[in-house]
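In UniProt numbering, the protein residues as written are 1 to 126. Glycine residues also receive a C-beta, built at the ideal position from the N, C-alpha and C atoms. Just below is one structure, and these are the notes that go with it.
Right, here's the structure in full:
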């Protein structure tokens with residue numbers, strides 16, 4: 001579960017989507033910041049997953065290739081798009097269970113970790 005203090009609650013962005021549609025959740029880093037030399041890890045969490053990442057991109061390996069990990073239940077429905085500014089987590093075929101609080105954590109190699117909070121409301125199509 002994502003524990004939120006009062007300051008964090010005020011900085012939550014709220015998004016709305018209808019079940020079955022797609023949505024893009026921003027991780028508020030700039031395209032210029034998205035550089036494997038500057039960022040070592042991007043991790044997305046969802047409140048109902050109790051601290052287990054739903055999606056991560058790891059650039060800490062020596063092999064100069066990104067390592068993506070996706071929670072099995074979301075595989076095929078989510079991906080990060082770094083062509084947009086800011087980069088976004090795209091969720092396709094949104095389900096009612098996808099609603100809740102999301103947190104994007106960005107670990108920089110030489111700077112402090114940043115967290116971005118989003119609340120996603122999913123409406124039933126009926």
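Beta carbon of residue i nearer than 7 Å to that of residue j
i           : j          : result
residue 103 : residue 45 : yes
residue 100 : residue 24 : no
residue 82  : residue 28 : no
residue 107 : residue 19 : no
residue 122 : residue 93 : no
Proximal residues to residue i (C-beta, below 8 Å), its chain only, five neighbours per side dropped
i           : result
residue 109 : 37, 38, 39, 40
residue 75  : none
residue 118 : 12, 13, 14, 15, 25, 26, 101, 102, 103, 104
Opposing strand residues paired with residue i [DSSP bridges]
i           : result
residue 89  : 25, 80
residue 123 : 18
residue 54  : Residue 54 is not bridged to any residue.
Own chain partners of residue i with C-beta closer than 6 Å, once the 5 adjacent residues on each side are dropped
i          : result
residue 69 : 56
Status (buried if at least 16 other CB within 10 Å, exposed otherwise) for residue i
i           : result
residue 129 : With the chain running from 1 to 126 in the structure shown, residue 129 is simply not present.
residue 52  : exposed
residue 96  : exposed
residue 87  : buried
Under the three-state DSSP convention, the category residue i falls into
i          : result
residue 98 : helix
residue 73 : helix
Beta-carbon contacts of residue i that lie in its chain and below 7 Å, excluding the five residues immediately before and after
i          : result
residue 90 : 22, 24, 78, 79, 81
residue 43 : 53, 56, 105
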